[in-house]
Amino acid sequence: MKVKAKSPKAKFGLPAVFLLCSLFFFVGLFTFTLLSHVSFPQFLSGPRSVSRTLQSEDGEDHGPMPQGETGDSFIQSIPFQVLSWKPRALYFPRFATAEQCESVIEMAKTKLRPSALALRKGETTESTKGTRTSSGTFISASEDETGILEIIEEKIARATMLPRTHGEAFNVLRYEIGQKYDSHYDAFNPSEYGQQKSQRFASFLLYLSDVEEGGETMFPFENGLHMGMSYDYKKCIGLKVMPRQGDGLLFYSVLPNGTIDQTSLHGSCPVIKGEKWVATKWIRNQEDLE
Ligand SMILES: *[C@@H]1O[C@H](CO)[C@@H](O)[C@H](O)[C@H]1NC(C)=O
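Quick note: the sequence shown, position 184, residue 184 per the UniProt record's numbering, numbers continuous.
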């Protein structure tokens with residue numbers, strides 16, 4: 001009688017499948033591990049490899065150098081993300097703590113007044129009504145007994161390498177629902193505003209609150225977009241930065257050659273839900289802050 005041989009398939013089926021799967025898994029894992037340590041040429045792998053080449057590879061610690069008279073004895077790191085080169089805009093996550101932000105809001109609350117505008121030739125308060133609808137106040141670090149503004153100011157100076165003496169007092173602003181700031185330049189164009197003793201060169205915005213909806217800082221001309229067409233400067237378009245409590249945004253209004261960066265046009269989109277608090281520091285190219 002013919003004994004029906006059990007098919008080897010049936011007998012070894014499960015263990016064999018298991019073994020094969022394991023084999024493929026380990027080969028895959030090995031290949032991945034290998035590849036992730038190989039650096040590809042930048043043009044092949046894009047921004048990811050840029051960040052890899054910019055970050056230290058092995059975490060090997062090079063200690064601090066002997067410092068100059070005005071330098072630090074320690075190494076500090078202030079994380080940032082390049083948001084744009086046109087305009088040059090940097091984003092600093094968790095630049096200040098939530099407690100610091102709340103304190104600054106408390107300081108400013110009782111002093112708020114409707115925000116004013118620097119007027120161009122021929123403009124009046126009446127003709128520019130509605131352009132900037134926030135409330136705000138100027139507070140200098142020296143007025144703040146808690147010392148918090150001094151800490152923040154010092155950190156801004158380090159992040160920008162622009163000395164504290166070049167910064168105006170903090171302009172703390174509150175935007176309520178519907179309030180906004182139409183697109184504008186922080187730098188003063190001499191042909192519109194007349195000759196200035198110094199120029200607003202860079203702006204640092206510290207978001208003091210989250211906003212539930214709206215209230216983004218927008219750069220409508222980012223990377224030259226929308227520049228050719230007749231842009232309605234009330235429109236909220238382009239690169240938008242969502243306010244998050246404690247985060248910082250730095251952008252430069254003047255190019256290295258001294259001309260105003262046309263792409264640094266920016267504004268504050270209307271708050272749709274919630275409330276927006278922001279502390280702005282304008283940094284000048286001269287110590288004379290006028
Ligand atoms: C300054 O630099 C910008 C951008 O590179 C250029 O378009 C502009 O013509 C320059 N202006 C002067 C006065 O050199």
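Glycine included, C-beta positions come from ideal geometry on N, C-alpha and C.
Give the straight-line distance between the Cα atoms of residue i and residue j, rounded to the nearest whole angstrom.
| i | j | result |
| --- | --- | --- |
| E212 | S103 | 20 Å |
| N223 | V82 | 13 Å |
| S198 | L249 | 22 Å |
| E192 | F74 | 45 Å |
| E150 | M229 | 43 Å |
| E168 | L208 | 18 Å |
| L124 | G194 | Here residue 124 turns out to be Thr, not Leu, going by the sequence shown. Computed Cα separation, rounded: 16 Å. |
| P163 | L206 | 17 Å |
| P93 | F251 | 15 Å |
| I78 | P64 | 16 Å |
| residue 304 | K281 | This structure cannot settle anything about residue 304, because the visible part of the chain is limited to 1 through 290. |
| K6 | V50 | Note that K6 scores a pLDDT of 45, beneath 50, so its modelled location is shaky; the value from the coordinates is reported in the next line. Looking at the two C-alpha atoms, the distance is approximately 58 Å. |
| C236 | S142 | 36 Å |
| M227 | N257 | 21 Å |
| A118 | L112 | 18 Å |
| R158 | S127 | 39 Å |
| Q76 | K155 | 11 Å |
| A89 | E69 | 31 Å |
| F40 | T53 | In this prediction, F40 has a pLDDT of 44, which is less than 50 and means its spatial position is unreliable; what the coordinates show is noted afterwards. Rounded to whole angstroms, F40 to T53 spans 10 Å at the Cα level. |
| residue 349 | T259 | In the structure displayed, the chain extends from 1 to 290; residue 349 sits before or after that span and is not available. |
Closer than 8 Å by C-beta to residue i: which residues in its own chain qualify, once you throw out the five before and the five after it? Chain order, please.
| i | result |
| --- | --- |
| F43 | With a pLDDT of only 46 at F43, under the threshold of 50, the placement of this residue in the model should not be trusted; the figure read from the coordinates follows. Same-chain partners within the cutoff: there are none. |
| D210 | P243, R244, Q245, G274 |
| Q286 | H166, K197, S198, Q199 |
| D288 | K197, S198 |
| T160 | A202, F204, L250, I283 |
Near residue i, what residues of its chain come up, given a Cβ to Cβ distance below 6 Å and the 5 sequence neighbours on each side ignored?
| i | result |
| --- | --- |
| D182 | T131, Y233, K234, G267 |
| F219 | G238, L239, H266 |
| L173 | S134, G136, V278 |
Is residue i close to ligand 1? I mean its beta-carbon at under 6 Å from any heavy atom of the ligand.
| i | result |
| --- | --- |
| L255 | yes |
| T263 | no |
| T217 | no |
| Y160 | Before going further, note that residue 160 is Thr rather than Tyr in the sequence given. Every heavy atom of ligand 1 is 6 Å or more from the Cβ of T160, so no. |
| T259 | yes |
Taking 7 Å as the limit between beta carbons, can you name the residues of its chain near residue i, skipping five residues before and five after?
| i | result |
| --- | --- |
| I139 | M107, A108, L149, A169, F170, V172 |
| E215 | Note on residue identity: the sequence assigns Gly, not Glu, to residue 215. Same-chain partners within the cutoff: Y175, P243, S268, C269, V271, K276. |
message: I'd like the ranges of any beta strand (DSSP E) spanning at least 3 consecutive residues and lying wholly in the stretch 233 to 274.
response: 239 to 241, 248 to 252, 266 to 268, 271 to 273
Alpha helix (DSSP H) segments (min. 4 residues) lying fully within the stretch 182 to 220: 190 to 193
message: Quick check for students: name the residue ranges of the beta strand (DSSP E) that lie wholly in the stretch 97 to 167, counting only runs of 3 or more.
response: 135 to 139
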